[in-house]
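Protein chains in written order, with my numbering: chain Z, 352 to 785; chain G, 35 to 178.
One structure is given below, encoded as structure tokens.
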């Protein structure tokens, strides 16, 4: 039995997750700028360099960035395990991941193999360190919760994503290819493995907690994540061994698992005891609707053999599904962490905690609501970009409009997070002065 | 019956009253809000009392850990009590914003606290106190 769990020191310093959260919107803004100035074809054609760049700014720079930071924060709290040297580990991963992403983006855009090599090298180091730390922590956890297996399969999927990236680059002379037979597998492990499984693991905990809903059914918690993982293995097997039947089995598993998850979550939300709605709740609802939509759209594309549908599905999945859930989580986690750290500071100083701002004073609901609206506008524009082809210059104008909306929504996110951090700093300083 | 189930059920009971209190405040229905808030705080204090006076001491006695997990749980009870205080004040001052700010903070603190208890501390207690669960639950039920 691991009795050392739940020590007060288990809450890592605020800076551990915050440095990731504050970096993410910067990559989002960069992606917006590329949409705005990258010319047409950034999003209506998967196989262009600019598309590769935008996709990796979002997946590596925004989504993975937040998830890596959040996991280092949530794991100690929810799984009762302490990450050794959390601050040093966080700094190292953040530096390796950020610089690695920048180098890779530069390498892709400038067609420089040397930058790709270095970028991927740093990303690989960051991944190994991160996955190692997480698996080490999970192995020591006493928790029997379904979150554990979901997180474990998620981080192992991240390793697979990296592995396929190495394979792709290595077989292409370290020049990022716009088309490669393994792109499909690299993407599947990243989106359905790393992102989706982590989202599922988080959902098991946070959905019942914050809306006061029933728990996810025990069978879902136990089998869904392993099932998706097996689905991905079969999918990879079918692709590498050219076994068509295995591919259909994998698709059946993956599509039904994803749809099941979204439906169960939406149903739980309907059964919630807490009727009060907040921005996190709304974001998660959008995420689930997007998830369902993207599953259907992808399936239609696969059956028709039309890649445009499948590309739309990826856009809806990433920007409507994963990004929405991630944004919703940020608006829950950040204000609470600010409150918690300030409260601990005041308590250990023996001061009255009434001066500590509550979560709604750290991030006022109306700020996050506005950010939500703008992000929904950007999602709406993204979804209709494929229709732009029917109008002269349509795609181009829509892509630029999406770029402007991205820049606006990520700037708002950045400003809100900076305000929360400065609130923390000013209240902490007031305590030191007092 | 397992301690995990007994105490977990009491968490659900407190959660439900919490939802009622929060909803009545958000509607500005202060007469209902006042009574449901009182009901909520009483339910929580009763739950804390079961833990602090009966469950934790027995766990500490048998497991031999006084500075471990139970210490952290007591610390979080203290933090929650400050938020009860702020919620009570908000009801007295009839301030919707102050109440919902404090209650939402409490909700997150309370839920991560409950998760740690239900997923780790209570199962550990069931393990350590195997064989005497029924007797202990009897004592917990007797707590006023």
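C-beta atoms are modelled at their ideal positions from N, C-alpha and C, and glycine is treated no differently.
1) Evaluate contact between the stretch 646 to 657 of chain Z and the stretch 582 to 594 of chain Z, counting only Cβ atoms and requiring at least three cross-stretch pairs below 8 Å.
2) Tell me whether residue 607 of chain Z sits in a helix, a strand or coil according to DSSP, three-state version.
3) What do you reckon, are the CB atoms on residue 78 of chain G and residue 114 of chain G nearer than 8 Å?
4) With distances taken between CB atoms, is the gap from residue 53 of chain G to residue 626 of chain Z smaller than 8 Å?
5) For residue 161 of chain G and residue 36 of chain G, what's the separation of their Cα atoms in angstroms?
6) In chain Z, which residues lie less than 8 Å from residue 50 of chain G when you measure between Cβ atoms?
7) Please report how far the alpha carbon of residue 573 of chain Z lies from the alpha carbon of residue 551 of chain Z, in whole angstroms.
8) Indicate whether at least one CB of chain G lies closer than 8 Å to the CB of residue 599 of chain Z.
9) Can you list, in chain order, the residues of its chain with a C-beta nearer than 7 Å to that of residue 369 of chain Z? Leave out the 5 residues immediately preceding and following it.
10) Can you list, in chain order, the residues of its chain whose CB lies under 7 Å from that of residue 47 of chain G, leaving out five sequence neighbours each side?
11) Short check: CB of residue 527 of chain Z to CB of residue 467 of chain Z, under 8 Å?
12) Going by beta carbon distance, what residues of the same chain come within less than 7 Å of residue 682 of chain Z, once the five residues before and after it are set aside?
13) What residues in its chain sit with their C-beta under 7 Å from that of residue 59 of chain G, if we drop five residues either side in the sequence?
14) With residue 400 of chain Z and residue 460 of chain Z assumed to form a contact (beta carbons below 8 Å), what rounded beta-carbon distance in angstroms separates them?
15) Just the chain Z side, please: which residues come within less than 8 Å of residue 25 of chain G by C-beta, in chain order?
16) Report all residues from its chain with a CB closer than 7 Å to the CB of residue 81 of chain G; omit the five preceding and five following residues, and keep chain order.
17) When the Cα of residue 471 of chain Z is compared with those of Z:428, Z:663 and Z:516, which residue comes out closest?
18) Just the C-alpha distance for residue 597 of chain Z and residue 508 of chain Z, rounded to the nearest angstrom, thanks.
19) Examine chain G for any beta-carbon lying closer than 8 Å to the beta-carbon of residue 692 of chain Z, and answer yes or no.
20) So which residues on chain Z does residue 89 of chain G lean against when the C-beta distance must stay under 7 Å?
21) Take the Cβ of residue 169 of chain G as the centre, count every other Cβ of all protein chains shown within 10 Å, and call the residue buried at 16 or more, exposed below.
22) Alpha carbon to alpha carbon, how far is residue 158 of chain G from residue 639 of chain Z?
23) Any C-beta of chain Z sitting closer than 8 Å to the C-beta of residue 164 of chain G?
24) Could you give the DSSP three-state label for residue 100 of chain G: helix, strand or coil?
25) Assess contact between the stretch 612 to 628 of chain Z and the stretch 563 to 577 of chain Z, defined as three or more Cβ pairs (one per stretch) separated by less than 8 Å. Is contact present?
26) Do the stretch 431 to 444 of chain Z and the stretch 696 to 706 of chain Z meet, that is, are 3 or more Cβ pairs less than 8 Å apart?
27) Only counting the same chain, and skipping five residues up and downstream in sequence, which positions put a Cβ closer than 7 Å to that of residue 531 of chain Z?
28) On the DSSP letters alone, give me the boundaries of the alpha helix (DSSP H) that residue 481 of chain Z sits inside.
29) Could you list the residues in the stretch 482 to 493 of chain Z with a C-beta less than 8 Å from some C-beta on chain G, going in chain order?
30) Identify every run of the alpha helix (DSSP H) within the stretch 499 to 563 of chain Z, keeping only runs that are complete inside it and at least 4 residues long; order them along the chain.
31) Assuming residue 118 of chain G and residue 75 of chain G make a contact with CB atoms under 8 Å, what is their CB distance in whole Å?
32) Just to confirm, is the Cβ distance from residue 450 of chain Z to residue 488 of chain Z under 8 Å?
33) Quick check: what's the CA-CA separation for residue 415 of chain Z versus residue 546 of chain Z?
34) At 7 Å on the CB atoms, spell out the chain G contacts of residue 496 of chain Z, in chain order.
35) To the nearest angstrom, how far is it from the Cα of residue 774 of chain Z to the Cα of residue 781 of chain Z?
36) Which residues in chain Z have a C-beta closer than 7 Å to the C-beta of residue 145 of chain G? List them in chain order.
From the atom records:
1) No, because fewer than three Cβ pairs between the stretch 646 to 657 of chain Z and the stretch 582 to 594 of chain Z fall closer than 8 Å, the two stretches do not touch.
2) Within the first chain, residue 607 of chain Z is the residue found at index 256, counting from 1. Helix.
3) On the second chain, residue 78 of chain G is found 44 positions in, with the first residue counted as 1. On the second chain, residue 114 of chain G is found 80 positions in, with the first residue counted as 1. Here residue 78 of chain G is near residue 114 of chain G, since their CB atoms are less than 8 Å apart.
4) For this step, residue 53 of chain G is matched to residue 19 along the second chain. For this step, residue 626 of chain Z is matched to residue 275 along the first chain. Here residue 53 of chain G is near residue 626 of chain Z, since their CB atoms are less than 8 Å apart.
5) Looking up residue 161 of chain G in the second chain gives position 127. Looking up residue 36 of chain G in the second chain gives position 2. About 10 Å.
6) Translated into positions along the second chain, residue 50 of chain G becomes position 16. Correct list: 563 and 624.
7) Along the first chain, read from residue 1 onward, the residue named residue 573 of chain Z stands at position 222. Along the first chain, read from residue 1 onward, the residue named residue 551 of chain Z stands at position 200. Within the model, the alpha-carbon separation for residue 573 of chain Z versus residue 551 of chain Z is close to 12 Å.
8) Position 248 of the first chain, counted from the start, is the residue given in the question as residue 599 of chain Z. Interface annotation, residue 599 of chain Z: not in contact with chain G, CB-CB separation never under 8 Å.
9) Start at 1 with the first residue of the first chain, and residue 369 of chain Z comes out as number 18. Closer than 7 Å at Cβ, skipping near neighbours: 772.
10) Here the question's residue 47 of chain G lines up with position 13 in the second chain. Excluding sequence neighbours, residue 47 of chain G sits near 77.
11) Start at 1 with the first residue of the first chain, and residue 527 of chain Z comes out as number 176. Start at 1 with the first residue of the first chain, and residue 467 of chain Z comes out as number 116. The answer is yes: Cβ separation under 8 Å.
12) Position 331 of the first chain, counting from 1, holds the residue named residue 682 of chain Z. Leaving aside the five residues that flank residue 682 of chain Z on each side, the residues in its chain whose CB is nearer than 7 Å to its CB run, in chain order, 630, 631, 714 and 719.
13) Reading the second chain from its first residue, position 25 is the one you call residue 59 of chain G. Excluding residues within five positions, the ones whose Cβ falls inside 7 Å are 67, 130, 133 and 134.
14) Stepping through the first chain from its first residue, residue 400 of chain Z is reached at position 49. Stepping through the first chain from its first residue, residue 460 of chain Z is reached at position 109. Rounded to the nearest angstrom, the Cβ distance from residue 400 of chain Z to residue 460 of chain Z is 6 Å, consistent with a contact under 8 Å.
15) Limits of chain G in this structure are 35 at one end and 178 at the other, which puts residue 25 of chain G out of reach.
16) Against the second chain, residue 81 of chain G aligns to sequence position 47. Cβ contact annotation for residue 81 of chain G (same chain, cutoff 7 Å, sequence separation greater than five): 44 and 48, in chain order.
17) Position 120 of the first chain, counting from 1, holds the residue named residue 471 of chain Z. For residue 471 of chain Z, the nearest C-alpha among the options comes from Z:516.
18) One-based indexing of the first chain puts residue 597 of chain Z at position 246. One-based indexing of the first chain puts residue 508 of chain Z at position 157. CA-to-CA, the gap between residue 597 of chain Z and residue 508 of chain Z works out to about 20 Å.
19) Within the first chain, numbered from 1, the residue matching residue 692 of chain Z stands at position 341. Closer than 8 Å: no.
20) If you number the second chain from 1, residue 89 of chain G lands on position 55. Within 7 Å Cβ-Cβ: nothing; residue 89 of chain G doesn't reach chain Z, min ~15 Å.
21) Indexing the second chain from 1 puts residue 169 of chain G at position 135. Exposed is the call here.
22) On the second chain, position 124 is the one that residue 158 of chain G refers to. On the first chain, position 288 is the one that residue 639 of chain Z refers to. Roughly 35 Å separates the two Cα atoms.
23) The residue given as residue 164 of chain G occupies position 130 in the second chain. Not one chain Z Cβ lies under 8 Å of residue 164 of chain G.
24) As a position in the second chain, residue 100 of chain G is number 66, starting the count at 1. DSSP, reduced to helix, strand and coil, places residue 100 of chain G outside both helices and strands of the structure shown, so it counts as coil.
25) When C-beta atoms of the stretch 612 to 628 of chain Z are compared with those of the stretch 563 to 577 of chain Z, three or more pairs fall below 8 Å, so the two segments count as touching.
26) As far as the Cβ criterion goes, the stretch 431 to 444 of chain Z does not touch the stretch 696 to 706 of chain Z, which means the pair count is below three.
27) Locating residue 531 of chain Z in the first chain gives position 180, counting from the first residue. Once the five neighbours on either side are set aside, the close Cβ partners of residue 531 of chain Z are 519 and 523.
28) Stepping through the first chain from its first residue, residue 481 of chain Z is reached at position 130. Where residue 481 of chain Z is concerned, the enclosing alpha helix (DSSP H) stretches over 464 to 491.
29) Closer than 8 Å at the C-beta level to chain G, one finds these residues of the stretch 482 to 493 of chain Z: 493.
30) Runs found: 534 to 539 and 547 to 562.
31) Numbered from its first residue, the second chain carries residue 118 of chain G at position 84. Numbered from its first residue, the second chain carries residue 75 of chain G at position 41. Right, their Cβ atoms sit about 5 Å apart.
32) For the purposes of this step, residue 450 of chain Z is taken as residue 99 along the first chain, with counting starting at 1. For the purposes of this step, residue 488 of chain Z is taken as residue 137 along the first chain, with counting starting at 1. No; because the gap between Cβ atoms is not below 8 Å, this pair is not in contact.
33) As a first step, residue 415 of chain Z must be located in the first chain, where it is residue number 64. As a first step, residue 546 of chain Z must be located in the first chain, where it is residue number 195. Each residue's alpha carbon lies about 8 Å from the other.
34) One-based indexing of the first chain puts residue 496 of chain Z at position 145. The answer, in chain order, is 153.
35) Taking the first residue of the first chain as 1, we reach residue 774 of chain Z at position 423. Taking the first residue of the first chain as 1, we reach residue 781 of chain Z at position 430. A straight line joining the alpha-carbon of residue 774 of chain Z with that of residue 781 of chain Z spans about 11 Å.
36) As a position in the second chain, residue 145 of chain G is number 111, starting the count at 1. Near residue 145 of chain G (Cβ distances below 7 Å), the residues of chain Z are 560 and 561.
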